[in-house]
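Chains as they are written, first to last, in full-length UniProt numbering: chain A, 1 to 318; chain B, 1 to 318.
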DNA sequence: TTGAAAGCGATACCAT
DNA sequence: ATGGTATCGCTTTCAA
């Protein structure tokens, strides 16, 4: 394949001038322009992207670390980031991690090796401090509230919407409220926020029997509802970690001809629209979009909360 | 930042030997190993990925062109490709196109410039021939049946499942069947397949009034059903291009207390499971997986059909 | 086993 | 306006 020197030779000019033409710089005569362009056309030449990257010391690639793509948190952030990237010359590189620390570390090392101009961590197995220690090489943005840690972040600010949801439930006089969590409150900020909102609005502790942990799918939601029922726990409302999940619970009550509790889902998935279930919109796509933008404008550490929204849907079937 | 020559100097060996250590090549003495590794550690050195790419003439990046991410065809292919990439040293680069030919051409040019080691076209605005003309630079795989065109491809083989669906409808004695298409049969292979399956099973032409074109969302499905109803077209069954879409239609009939036609969706989305709607599983994730694998094993042009599956779900509500 | 040096293919500074 | 050349940082061949 032809390179810039072939063009230089063919056109009778130097590589420097060819480069100027390539990059549309000034100070090139009309004549040089034409001859060089002719040579380029004749030799069917295109400049090498890699060589260009090396020279510039940039790749125009932004890595996005995803543990998996089974949850809207990740797919929506990805979607938002893709949309944002569309407006720019940067490309998104998908970095699947499966929460594997080795993998994540490998990606950080690649960042250090200039494989990417920045890294978005949608979630992580590694400590935030480890991420921070790599920010000196290139910008890194995470998608959770980093607290006091000095790292750029875009994250859901759920408390207001959670409290709004709880207040709604309280006004409707629901007392026995079941909760679906993906992971227990000890390790999940989301679960903690939920518990906190409950305590704030209801003014009492949340007892274990009202909580189901490790619930992430339609099927698991169904089973969780079944378990409550079979163990004699009566539920008046369910506050769920997802729409699809709570749709599973709903199906259990329907299948067994039981009255369906009031449901609050999460993520504004289609299922809640179909089934007219109230939900909480966590606006993940916007997190992805902002995260991408934050990588490009990484002059300083910035922490951006995206407030969730409580979406009421009255059940019109009862 | 330290480079390979710094390590060479510090360790007392040459850059060549350092490179050998870096790449775990043979013919390096234990002593050299140790000294060089010590120097690497001391200077906190990592090799530059870009320089390495330039030297090798490879990036280990595979581009995947996506018009958008609003349809499971694209998101599922992407998911499949991500999963496949996880097993390899290659990375997926997201290339959003919005069906813009300029954009697509830019990506092809980038391929030529060695920005990627291969390209997956999930869909395209450009002609297949244009894609073919770039396969001489690096492997390209498309996600549709290319017919006689000489390009590697992985695609849905829908006809068997479509015919199975039609036969099911015929056995149930449904005569007035409505169809939802994303794009008209003239330009959409999928729509053509549907028409063909209908004609084959029912042995008659499909008249225009039974077809709704440009239907892609829940809302549009709702509207389409409404239009049929308002124009006096009575439908006994709907053969849809998607589960969510036909779920919209279903909602219209429920809202207006009309009897719901027999529904056949497509894509095995959660909505069809929730609503117990029959569907056609086009196994898009497998297309993405195979497409990725085909890029890596691109010794020859290969065309792989992935047969769809008709999934019957009896309506238990009637 | 080791090293010198020639690529890889651009960019950009400094002359002219 | 143009060119020479150093530079980016690594890999690989060839010779020793």
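Backbone N, C-alpha and C fix where the C-beta goes; we use that ideal spot for every residue, glycine too. Treat the numbers as computed from the prediction; the structure is a model and nothing was measured.
Taking 7 Å as the cut-off, is the C-beta of residue i nearer than that to any heavy atom in the ligand FMN?
i: residue 165 of chain A; result: For the ligand FMN, the structure offers nothing, since it holds no ligand at all.
Report the three-state DSSP secondary structure of residue i (helix, strand or coil).
i: residue 171 of chain A; result: helix
i: residue 3 of chain B; result: coil
i: residue 358 of chain A; result: No statement about residue 358 of chain A is possible, as the shown extent of chain A runs from 1 to 318 and does not include it.
i: residue 118 of chain B; result: strand
i: residue 212 of chain A; result: strand
i: residue 317 of chain A; result: Interpretation of residue 317 of chain A is limited by its pLDDT of 46, a score under 50 that renders its predicted location unreliable; the figure taken from the coordinates is listed afterwards. If DSSP states are grouped into helix, strand and coil, residue 317 of chain A belongs with coil.
i: residue 207 of chain A; result: coil
i: residue 78 of chain B; result: helix
i: residue 265 of chain A; result: coil
i: residue 277 of chain B; result: coil
i: residue 311 of chain B; result: strand
i: residue 66 of chain B; result: strand
In terms of alpha-carbon separation, which member of the options lies closest to residue i?
i: residue 80 of chain B; options: A/307, A/96, A/105; result: A/96
i: residue 64 of chain A; options: A/103, A/11, A/226, A/19; result: A/103
i: residue 53 of chain A; options: B/288, B/279, B/113, B/76; result: B/113
i: residue 221 of chain A; options: A/253, A/202, A/29, A/206; result: A/253
i: residue 46 of chain B; options: B/1, B/251, B/69; result: B/1
i: residue 167 of chain A; options: A/311, A/3, A/21; result: A/311
i: residue 245 of chain B; options: B/34, B/101, B/229, B/223; result: B/223
i: residue 71 of chain A; options: A/308, A/266, A/230; result: A/266
i: residue 101 of chain A; options: A/269, A/299, A/128; result: A/128
i: residue 133 of chain A; options: A/145, A/123, A/109; result: A/109
i: residue 123 of chain B; options: B/138, B/99, B/135; result: B/99
i: residue 262 of chain A; options: A/22, A/83, A/173, A/67; result: A/173
i: residue 91 of chain B; options: B/23, B/59, B/14; result: B/59
i: residue 138 of chain B; options: B/144, B/130, B/210, B/111; result: B/111
i: residue 6 of chain A; options: A/32, A/20, A/36, A/206; result: A/36
i: residue 313 of chain A; options: A/298, A/289, A/287, A/276; result: A/276
i: residue 208 of chain B; options: B/233, B/24, B/56; result: B/233
i: residue 184 of chain A; options: A/204, A/202, A/210, A/159; result: A/210
i: residue 288 of chain A; options: A/23, A/142, A/257; result: A/142
i: residue 74 of chain B; options: B/202, B/121, B/171; result: B/121
i: residue 191 of chain A; options: A/203, A/212, A/204; result: A/212
Using 8 Å for Cβ pairs, my map puts residue i next to residue j. What's the rounded Cβ distance?
i: residue 249 of chain A; j: residue 225 of chain A; result: 4 Å
i: residue 163 of chain A; j: residue 200 of chain A; result: 6 Å
i: residue 140 of chain A; j: residue 126 of chain A; result: Between residue 126 of chain A and residue 140 of chain A the Cβ distance is about 11 Å, and since that is not below 8 Å, they are no contact.
i: residue 116 of chain B; j: residue 62 of chain B; result: 6 Å
i: residue 271 of chain A; j: residue 274 of chain B; result: 6 Å
i: residue 278 of chain B; j: residue 264 of chain B; result: 5 Å
i: residue 335 of chain A; j: residue 161 of chain A; result: As displayed, chain A neither begins before 1 nor continues past 318, which places residue 335 of chain A out of reach and without an answer.
i: residue 69 of chain B; j: residue 82 of chain A; result: 6 Å
i: residue 4 of chain A; j: residue 21 of chain A; result: The pair is not a contact, with the Cβ atoms about 10 Å apart (cut-off 8 Å).
| field | Segment contact, 8 Å Cβ cut-off, at least three pairs: the region 194-203 of chain B with the region 280-296 of chain B | value | no
| query | Would you call the region 145-159 of chain A and the region 212-223 of chain A in contact, with 3 or more CB pairs under 8 Å? | reply | no
| contact_flag[the region 299-318 of chain A, the region 151-164 of chain A] where n(CB pairs < 8 Å) is 3 or more | yes
| When the Cβ atoms of the region 237-252 of chain A are set against those of the region 166-181 of chain A, are three or more pairs found closer than 8 Å? | yes
| query | Which residue spans inside the region 126-197 of chain B form an unbroken beta strand (DSSP E) run of at least 3? | reply | 140-142, 152-157, 177-181
| query | In the region 224-261 of chain B, which residue ranges form an unbroken beta strand (DSSP E) of at least 3 residues, counting only runs that do not cross its ends? | reply | 237-239
| message | When you compare the region 35-44 of chain B with the region 10-19 of chain B, are there three or more beta-carbon pairs, one atom per stretch, that lie closer than 8 Å? | response | yes
| query | Taking only runs of the beta strand (DSSP E) that begin and end inside the region 83-118 of chain B, which ones reach a length of at least 3 residues, in chain order? | reply | 91-96
| message | Within 8 Å, do at least three Cβ pairs link the region 287-298 of chain A to the region 290-301 of chain B? | response | no
| task | For the region 6-59 of chain B, list the alpha helix (DSSP H) runs that are entirely contained and at least 4 residues long, ordered along the chain. | result | 15-22, 30-43, 49-56
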